[in-house]
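Chains as they are written, first to last, in the numbering used here: chain R, 2 to 316; chain Y, 2 to 316.
There are 2 protein chains.
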Amino acid sequence: MSGRGSVVALCGGIGGAKLALGLSHVVPAKKLSIIVNVGDDFRHFGLAVSPDVDTVLYTLSGRVNPATGWGRNEETWRFMEAVGELGGETWFNLGDTDLAMHAVRTARLAAGARPTEITAAFARALGIAPAILPATDAHVPTVVETDEGVLPFQRYFVGLRCAPVVRTLRYHAADEAEPTPEVKAALNAPDLAAIILCPSNPYLSIDPMLAIPGLRYALATAKAPTIAVSPLVGGDAVKGPLAKMMDELGHARTSATILAHYGDLVDLLLLDERDAAEATDPRMAVAKTMMVTLEDRIALARACLAAADRLAGRA
Amino acid sequence: MSGRGSVVALCGGIGGAKLALGLSHVVPAKKLSIIVNVGDDFRHFGLAVSPDVDTVLYTLSGRVNPATGWGRNEETWRFMEAVGELGGETWFNLGDTDLAMHAVRTARLAAGARPTEITAAFARALGIAPAILPATDAHVPTVVETDEGVLPFQRYFVGLRCAPVVRTLRYHAADEAEPTPEVKAALNAPDLAAIILCPSNPYLSIDPMLAIPGLRYALATAKAPTIAVSPLVGGDAVKGPLAKMMDELGHARTSATILAHYGDLVDLLLLDERDAAEATDPRMAVAKTMMVTLEDRIALARACLAAADRLAGRA
Numbered sequence: 002m003s004g005r006g007s008v009v010a011l012c013g014g015i016g017g018a019k020l021a022l023g024l025s026h027v028v029p030a031k032k033l034s035i036i037v038n039v040g041d042d043f044r045h046f047g048l049a050v051s052p053d054v055d056t057v058l059y060t061l062s063g064r065v066n067p068a069t070g071w072g073r074n075e076e077t078w079r080f081m082e083a084v085g086e087l088g089g090e091t092w093f094n095l096g097d098t099d100l101a102m103h104a105v106r107t108a109r110l111a112a113g114a115r116p117t118e119i120t121a122a123f124a125r126a127l128g129i130a131p132a133i134l135p136a137t138d139a140h141v142p143t144v145v146e147t148d149e150g151v152l153p154f155q156r157y158f159v160g161l162r163c164a165p166v167v168r169t170l171r172y173h174a175a176d177e178a179e180p181t182p183e184v185k186a187a188l189n190a191p192d193l194a195a196i197i198l199c200p201s202n203p204y205l206s207i208d209p210m211l212a213i214p215g216l217r218y219a220l221a222t223a224k225a226p227t228i229a230v231s232p233l234v235g236g237d238a239v240k241g242p243l244a245k246m247m248d249e250l251g252h253a254r255t256s257a258t259i260l261a262h263y264g265d266l267v268d269l270l271l272l273d274e275r276d277a278a279e280a281t282d283p284r285m286a287v288a289k290t291m292m293v294t295l296e297d298r299i300a301l302a303r304a305c306l307a308a309a310d311r312l313a314g315r316a
Numbered sequence: 002m003s004g005r006g007s008v009v010a011l012c013g014g015i016g017g018a019k020l021a022l023g024l025s026h027v028v029p030a031k032k033l034s035i036i037v038n039v040g041d042d043f044r045h046f047g048l049a050v051s052p053d054v055d056t057v058l059y060t061l062s063g064r065v066n067p068a069t070g071w072g073r074n075e076e077t078w079r080f081m082e083a084v085g086e087l088g089g090e091t092w093f094n095l096g097d098t099d100l101a102m103h104a105v106r107t108a109r110l111a112a113g114a115r116p117t118e119i120t121a122a123f124a125r126a127l128g129i130a131p132a133i134l135p136a137t138d139a140h141v142p143t144v145v146e147t148d149e150g151v152l153p154f155q156r157y158f159v160g161l162r163c164a165p166v167v168r169t170l171r172y173h174a175a176d177e178a179e180p181t182p183e184v185k186a187a188l189n190a191p192d193l194a195a196i197i198l199c200p201s202n203p204y205l206s207i208d209p210m211l212a213i214p215g216l217r218y219a220l221a222t223a224k225a226p227t228i229a230v231s232p233l234v235g236g237d238a239v240k241g242p243l244a245k246m247m248d249e250l251g252h253a254r255t256s257a258t259i260l261a262h263y264g265d266l267v268d269l270l271l272l273d274e275r276d277a278a279e280a281t282d283p284r285m286a287v288a289k290t291m292m293v294t295l296e297d298r299i300a301l302a303r304a305c306l307a308a309a310d311r312l313a314g315r316a
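If you want it as C-alpha cells, here you go:
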C-alpha cells in the first residue's frame, strides 16, 4: 500500500470520521491528510467549539463515544448539570472532558495561533499521526434558512434538532475564505493518489468546504481520482437529517442526486450494496458503505483506494 | 435582632466569606448586603472568573469545599485532567462544576448583563437570600509589582503562589470606577446599623474596593459604626500571604498596623483573644476571631454587631 502515494479525505463529523478512521488503518500516516469541515464551528459560553474537527480527533484517537459517534468516551456531565442549576443554556451538551478542547482552543486562538496549528497540536497530544486539517483558518459559519427564519447552524442542528423546514443553506464568508496552505499542499501533492469525499452530509459537511473557492479549485484540478461515498443507504441517511433535508430541498433521495450534486468534482460514487439497483451510471460502483465495525471502516477505505487505483490505471 | 436595621459587610474570599456566612445566620436576609472584592477577577480560557464572588456564593449556599475554603464541595477535576492531556495551562484549577459559574457568567456578560445582575441571579439559583454585591461592575484588576516584575493578580497569587517579593499593589482603573447603585444604596440605607470589614487581606481584598473613590466616600460618610476584624492572629495570617506581604511592604505584623491602615474609616478593630495584649488603642476590642466551626462564625458575627450597637448607643 505504501507505494500508492498520498491520500486526501474530506469529511464532516460522525459518518465521515468513521471512514477517516478506516483510512488511517490503511494509509501510512505521513501519506494521509484529512480535511475537515469547519462550517459548524461556533462560540458557546465564549468558548470556540469546532464539532467536526473534535469528532475526527476523538474518532482517530480512539476516544470517541461509540454510542453516539460524537463526544468523548467515558464522559461525565457535571459541568452541564451545574449550568442547569444556574439557569444557564443547556441545549448544547458539553462534557467535562470535551470542554478542555474548547477551552484550550479558545486560549490558543486568543494567543494568535491558527486553527490549523491548534488542531495539529491536539492531534499530537492525542497520539494521532495523520494530518487533521481544518478546511480553512477563517470563520465560515453555515447558516440555515428555514421556514422558522434564518438560523445559525448549531441552533438548527442541535437546538431545534433539525425540525425546521430547510429552504436554503448559506456558507457565510466562505466565498472570501482561503483554504489553508496545508490544505492546498495536500491537494497539490505530486504523489497524490486519491481524493475521497467521505459519506458526510453534502449540504452540511462537504458543501461548506466546496464553497471556499480555492478549495473547490484545488479539488477540481487535482491530479488524482476523486471517489465519493454516498451518505444514503436505502434512500435514507445512516444518521442525521440528510433525507429530511433532501425532501425539503426538493431532491429525490437517491444516489443519482448525490452524484449530480457533486458533478464533475467526482470521478466515482460508491453506493451501498443494498442500493446496487441504483448504480445505473458509469460513474457509480457498489461497496459495503454501512460501517458498523472497525473492519467495515477499513474495508470501505480499501474499496475507495482500490477504486482510485482502477481509475488511475494502477490496478 | 431584626429591630437593629441593615448591615453591610465588605469581604474578599475565604476568611471574609466565613464571617459573611456567620452574619447570614444572624441578620435577616433582607437586611444584609455583602459587598465583594472583584479585583481578583480575570479571564481564563476566555471565561470570566470572579474568585471572591464565587467563594462567597459557594460559602453562603453551603457548597464550598470545606477543606480549602474555596471551590465547590464534591468537585471533580476531569476538565483539568483533559486540559493537561492537551498541553493546556493547568496552573489555575477549575473544577468541573465550578466551571459552570464562569461559563454562564461569560455568556451573560456577552449578552450585556451587569456583573451585579449575574451575581444576583446566581445567588437566587443557589438559594442565597442576602444581597451579594460585586463592589463595582467595572473591571478593576489588581496588579502586583514585585521583584520579579509587574504581575497580574492571579499569576502572582495562584501561578507563583505569592513567592515574589511584593513592592507595591496597584488597583488598575479603580480610580475611574464607580460603586454600583446597589452598593451605594446599601451604604446609604437610612436604617444602616453596622458596616463590617471582614478579616480579609487588607491589601488584596479590601483595598481594591477602597480604591474606588465613590465606595470609599460612601464608607467614610456612612451613618453607622464601621467594625473591622483583624485578619492577623498571633502576628500571622490564618491563611494566605498577608504576613509575608506585611514584611515585604515594611509594616509590623500587628493589629495596630491594620488599624492605622484603615485609619478613620474604621471605628473599632476586633482582635483575636490571643492578641489581647495588643489591644492598647481605645479603638480596639477583643473577640474570638479564629473561625473554625459554624458556631465560631456566628459568634464573631454577633460580636461585630454587638460592638456596633455599643458604639451607636443601642446597647
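The C-beta atom is built at its ideal place from N, Cα and C for all residues, glycine as well.
Contact annotation: Leu306/R and Met292/R have beta-carbon atoms that are not nearer than 8 angstroms. Contact between Leu58/R and Phe80/R does not hold, since their C-beta atoms are separated by about 19 angstroms, which reaches or exceeds 8 angstroms. With respect to chain Y, the C-beta atom of Thr107/R has a partner C-beta closer than 8 angstroms. In this chain, the alpha helix (DSSP H) harbouring His262/R covers 256 to 263. Closest by C-alpha distance to His26/R, out of Ala130/R, Ala277/R, Glu149/R, is Ala130/R.
When the beta-carbon positions are compared, Gly113/Y and Gly47/R stay at least 8 angstroms from each other. For Val184/R, same chain residues with a beta-carbon under 7 angstroms away, outside a window of 5 residues either side, are Ile36, Leu134, Ala136, Leu216 in chain order. With a cut-off of 8 angstroms on Cβ pairs, the region 216 to 228 of chain Y is in contact with the region 188 to 197 of chain Y, counting three or more such pairs. The region 242 to 250 of chain R and the region 261 to 269 of chain R do not touch, with fewer than three beta-carbon pairs separated by less than 8 angstroms. Around the beta carbon of Trp92/R, fewer than 16 other beta carbons lie within 10 angstroms, which makes this residue exposed. Contact between Pro142/R and Pro153/R holds: CB atoms are separated by about 7 angstroms, below the 8 angstroms threshold. What Val84/Y touches in chain R, judged by beta-carbon distance under 8 angstroms, is Ala101, Ala104, Val105, going in chain order.
Within the region 67 to 91 of chain Y, the residues whose Cβ lies closer than 7 angstroms to any Cβ of chain R are, in chain order, Thr77, Arg79, Phe80, Ala83, Val84, Glu86, Leu87, Gly88, Gly89, Glu90. Contact check for Arg64/R against Leu127/R passes: the beta carbons are separated by less than 8 angstroms. At a cut-off of 8 angstroms between C-beta atoms, Asp97/R counts as an interface residue with respect to chain Y. Cα atoms of Val105/Y and Glu177/R: separation of roughly 33 angstroms, rounded to the nearest angstrom. Put simply, the CB of Ala122/Y is near chain R, with a gap under 8 angstroms to one of its CB atoms. The three-state reading of DSSP puts Arg106/R in helix, counting H, G and I together. Assignment of beta-bridge partners to Phe43/Y by DSSP yields Val50/Y. Leaving aside the five residues that flank Glu279/R on each side, the residues in its chain whose CB is nearer than 8 angstroms to its CB run, in chain order, Thr255, Ser256, Ala257, Leu272, Met285.
Under the rule that a run must span 4 or more residues, the alpha helix (DSSP H) segments found entirely inside the region 171 to 220 of chain R read 182 to 188, 208 to 211. Under DSSP, Asp273/R takes part in a beta bridge, and its partners are Ala288/R. With a threshold of 16 other beta carbon atoms within 10 Å, Pro67/Y falls short and is exposed.
Straight-line measurement puts the Cα of Asn38/Y at about 48 angstroms from the Cα of Pro182/R. The Cβ atoms of Ala49/R and Leu100/R lie no closer than 8 angstroms to each other. Counting only unbroken stretches of 4 or more residues, the alpha helix (DSSP H) elements lying wholly within the region 69 to 135 of chain Y are 79 to 86, 99 to 111, 116 to 126, in sequence order.
Against Leu48/R, the close residues of chain Y are Phe46, Gly47, Leu48, Ala104, Thr107, in the order they occur along the chain (beta-carbon pairs closer than 9 angstroms). In the structure shown, Asp282/Y falls within a coil segment according to DSSP collapsed to helix, strand and coil. For the region 116 to 149 of chain R, the set of residues with a beta-carbon nearer than 9 angstroms to any beta-carbon of chain Y comprises Ala122, Phe123, Arg125, Ala126, Leu127, in chain order.
When Phe123/Y, Ser7/Y, Leu266/Y, Val145/Y are compared, the shortest CA-CA separation from Tyr204/Y is found for Val145/Y. Between the alpha carbons of Gly23/R and Gly16/R lies a distance of about 11 angstroms.
The alpha carbon of Leu312/R has as its nearest neighbour, out of Ala21/R, Pro29/R, Arg115/R, Ala195/R, the alpha carbon of Ala195/R. Across the structure, Gln155/Y and Cys199/Y are spaced so that their CA atoms are roughly 21 angstroms apart.
The C-beta of Lys32/R has 16 or more other C-beta atoms within 10 Å across all chains shown, which makes the residue buried. In the structure shown, Glu146/R adopts extended strand secondary structure according to DSSP, grouped into three states. Secondary structure of Asp310/R (DSSP, three-state): helix.
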